[in-house]
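Protein chains in written order, with this note's numbering: chain A, 27 to 137; chain B, 5 to 116. Structure first, then comments.
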Amino acid sequence: GQSLEQPSEVTAVEGAIVQINCTYQTSGFYGLSWYQQHDGGAPTFLSYNGLDGLEETGRFSSFLSRSDSYGYLLLQELQMKDSASYFCAVSSSSNTGKLIFGQGTTLQVKP
Amino acid sequence: DSGVTQTPKHLITATGQRVTLRCSPRSGDLSVYWYQQSLDQGLQFLIQYYNGEERAKGNILERFSAQQFPDLHSELNLSSLELGDSALYFCASSVGGQNIQYFGAGTRLSVL
Chain A
27 GQSLEQPSEV
37 TAVEGAIVQI
47 NCTYQTSGFY
57 GLSWYQQHDG
67 GAPTFLSYNG
77 LDGLEETGRF
87 SSFLSRSDSY
97 GYLLLQELQM
107 KDSASYFCAV
117 SSSSNTGKLI
127 FGQGTTLQVK
137 P
Chain B
5 DSGVTQTPKH
15 LITATGQRVT
25 LRCSPRSGDL
35 SVYWYQQSLD
45 QGLQFLIQYY
55 NGEERAKGNI
65 LERFSAQQFP
75 DLHSELNLSS
85 LELGDSALYF
95 CASSVGGQNI
105 QYFGAGTRLS
115 VL
């Protein structure tokens, strides 16, 4: 089977740093992506890791360890507008863009 | 605005009916993906088309079908609708089979 595990909810205060973990078990693995979705909105791409290590994009960073089947999204200098759901997604093949999504983590940023 | 256009935004219909959801990808994108998002199932991949050809299939029901036309727009057809088909249906596009997918605003389907 294929499964991705991430926490269902995380709460943090404005200005803080939060880490959202994702562990995966899939029949194939090509890379790990992160998407943000505000309530009722469309998912938007945040970051992608194809190789082990850290990718940094502004306040957001993402990490991958293929040997541990684990990744995380790090959000720094949290802002109220970061309150949203965050999904990790596995690409299982290089030939297709099929994404297998986790159930999502709801991040609530408090003042 | 992602550049991906989905119509209609909302659709209310009855059980047993058939509906068509439409998606126009970003200019230049050859791949179109369809996803279903329901409260208990999260985002589920349904199907991918690349330049008019089916490229990948997920757990798409036999009552559902899709196609991509020569102008690259895509349609998702849902038939013999059941209450459980009520969900948000997203279309996404990418240049090829790339990992950066751009999602449309979705079609919210309510089956009554």
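Glycine included, C-beta positions come from ideal geometry on N, C-alpha and C. None of these values were measured; they are calculated from a predicted model.
Residues in its own chain within less than 6 Å of Gln45 (chain A) by CB, not counting five upstream and five downstream? Excluding residues within five positions, the ones whose Cβ falls inside 6 Å are Tyr98, Leu100.
Starting from Glu58 (chain B) and walking both ways along the beta strand (DSSP E), at which residues does that stretch end? For Glu58 (chain B), the uninterrupted beta strand (DSSP E) run begins and ends at 57-61, by DSSP.
Chain A contact for Phe94 (chain B) (CB, 8 Å cutoff): It does; some Cβ of chain A falls within 8 Å.
Are the beta-carbon atoms belonging to Tyr39 (chain B) and Leu47 (chain B) less than 8 Å from one another? Inclusion of Tyr39 (chain B) and Leu47 (chain B) in the CB contact set at 8 Å is warranted, their separation being smaller than that value.
Are the CB atoms of Gln63 (chain A) and Ala110 (chain A) within a distance shorter than 8 Å? Yes, the pair counts as a contact, with Cβ atoms nearer than the cut-off.
In whole angstroms, give me the CA-to-CA distance for Leu87 (chain B) and Ala42 (chain A). Straight-line Cα distance between these residues: approximately 42 Å.
Residue burial classification, Lys136 (chain A) (beta-carbon count within 10 angstroms, cutoff 16): Per the 10 Å Cβ criterion, exposed.
9 Å Cβ cut-off: residues of chain A touching Leu82 (chain B): Within 9 Å Cβ-Cβ: nothing; Leu82 (chain B) doesn't reach chain A, min ~20 Å.
Can the beta-carbon of Cys27 (chain B) be found less than 8 Å from the beta-carbon of Ser69 (chain B)? Cys27 (chain B) places its beta carbon 8 Å or farther from that of Ser69 (chain B).
7 Å Cβ cut-off: residues of chain B touching Gln129 (chain A): Within 7 Å Cβ-Cβ: Gly46.
Find out if the Cβ-Cβ distance for the pair Ala91 (chain B), Phe107 (chain B) is shorter than 8 Å. No.
Under 8 Å Cβ-Cβ, which residues of chain B neighbour Tyr138 (chain A)? Nothing about residue 138 (chain A) can be read from this structure; chain A reaches only from 27 to 137.
Test item: CB-CB of Tyr56 (chain A) and Ser118 (chain A) under 8 Å: Yes.
Close-in-space but distant-in-sequence residues of the same chain around Ile126 (chain A) (CB under 7 Å, 5 per side omitted): The answer, listed in chain order, is Gln28, Leu30, Thr52, Ala115, Val116, Ser118.
So for Leu15 (chain B), helix, strand or coil by DSSP? DSSP, reduced to helix, strand and coil, places Leu15 (chain B) within a strand of the structure shown.
In this structure, how does DSSP classify Gly67 (chain A) when only helix, strand and coil are distinguished? In the three-state reduction of the DSSP assignment, Gly67 (chain A) falls in the coil class, being assigned neither a helical nor a strand state.
Cα-Cα separation between Leu72 (chain A) and Tyr112 (chain A), rounded to whole angstroms: The alpha-carbon atoms of Leu72 (chain A) and Tyr112 (chain A) are separated by roughly 9 Å.
Euclidean distance between Cα positions of Gly56 (chain B) and Glu103 (chain A): Looking at the two C-alpha atoms, the distance is approximately 43 Å.
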